[in-house]
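Take the working numbering: the last position of the sequence shown gets the number 562, and nothing is skipped along the way. Contents: one structure, followed by commentary.
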Amino acid sequence: MRDIEALIESLPVSERVKSDVKAVYALIADAESRVHGRPVQDIHFHEVGTMDAVADVTAVCLLMEKLDPDEVVASPVHVGSGFVRCAHGTLPVPAPATALLLEGVPTFGGQVRGELCTPTGAALLRHFVTRFGDRPVMRVGAIGYGMGKKDFEYANCVRAFLGESEGRREQITRLDCNLDDMTGEDLGFAMERLFEAGARDVYTQSIGMKKNRPGVLLSLICMPEDADRLAEVMMKHTTTLGIRRQDMTRYALKRHVTCVDTPCGSVRVKKVSGMGVEREKPEYDDIAAIAREKGLSLRQVREALKL
């Protein structure tokens, strides 16, 4: 890893590109470390450490800097099947490091015999892709093809579309369960655990249930790839016997957080834009911390900071 990092530092590219290249190789090194049971700094790169591999990774990072997309969506990854020969011998497809890098990513095998996703490709996907799923509705402005050298039954290519969408839509999942035998304390504890586990939002609604019992509808919003894991957390910390899952899309504004220096200290400001909307708002936790420290109200802090 030290040799790779030194090589990256010598490249005549921007700091952003160097940072991206290092991040991609850090993902590969971590996967190889887990496969071999050795510290990251002791890992020896073979195929992924050759100069053409470094050039491939750097070229992708240069391209991503030039394109600077707001979002990168990739289809489920076709990994291929069978076996592949490498420096470690003959390994099953996907290779062990590739399989680790694709943990949590939707993948499939199929009938193509051969390696269709390498550790390098998997690390690039892991680093740059915002989400995996169907291609969004968009006005396409450019299309690119990357053709492989091997001949398969199907076209051996990667295809990329660059375009704009009217409104940014993202895939989300909602998990629901009805509860009529939990105390408010237990329910509050369960909600805390769900937030800690990565839920985007958790909320309750009062409902009427069978046998004329008042109950609570517990719902959470999460990314699709987190749904199975969060369902386990919901099962563990509630008394439900079943959880409903609904996959859907939502319109979402582009979000960007910046830090603003003020007389009271640094304050994070959340800026959103898109679909004809543009606004900004100081982060509540930062404003609340200043208010507690100064003995002021939230309104007084906002007025003083003019945020």
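Using N, Cα and C, we set each Cβ at its ideal position, and we do this for glycine too.
In the DSSP assignment, Y409 falls outside any alpha helix (DSSP H), carrying neither H nor E. In the three-state reduction of the DSSP assignment, L553 falls in the helix class. Every beta strand (DSSP E) of 3 residues or more that sits fully in the segment 300-371 is shown, in chain order, as 338-341 and 344-347. Taking a 10 Å sphere around the C-beta of H492, we find 16 or more other C-beta atoms and assign the residue as buried. Contact annotation: the segment 389-402 touches the segment 410-430, with at least three C-beta pairs closer than 8 Å. Taking the Cα of G550 as reference, the smallest distance to any Cα among C519, T494, G388 and V268 is reached at C519.
Cβ contact annotation for R448 (same chain, cutoff 7 Å, sequence separation greater than five): V488 and H492, in chain order. Residue range A482 to H492 is occupied by the alpha helix (DSSP H) that includes V488. Setting aside the 5 residues that flank it on each side, C316 is surrounded in the same chain by V272, D275 and V276, each with a C-beta closer than 6 Å to its C-beta; the list follows chain order. In the structure shown, the three-state DSSP call for G388 is coil. Within the DSSP secondary-structure output, M503 pairs in a beta bridge with I427. In the three-state reduction of the DSSP assignment, D275 falls in the helix class, which pools H, G and I. The secondary-structure analysis by DSSP pairs H382 with nothing; it has no beta-bridge partner. Checking the DSSP bridge columns, you'll see I263 has no partner listed.
The residue from V515, D483 and G376 with its alpha-carbon nearest to that of I542 is V515. Counting only runs of at least 3 residues, the segment 414-478 fully encloses the following beta strand (DSSP E) elements, listed from N- to C-terminal order: 424-434, 456-464 and 468-477.
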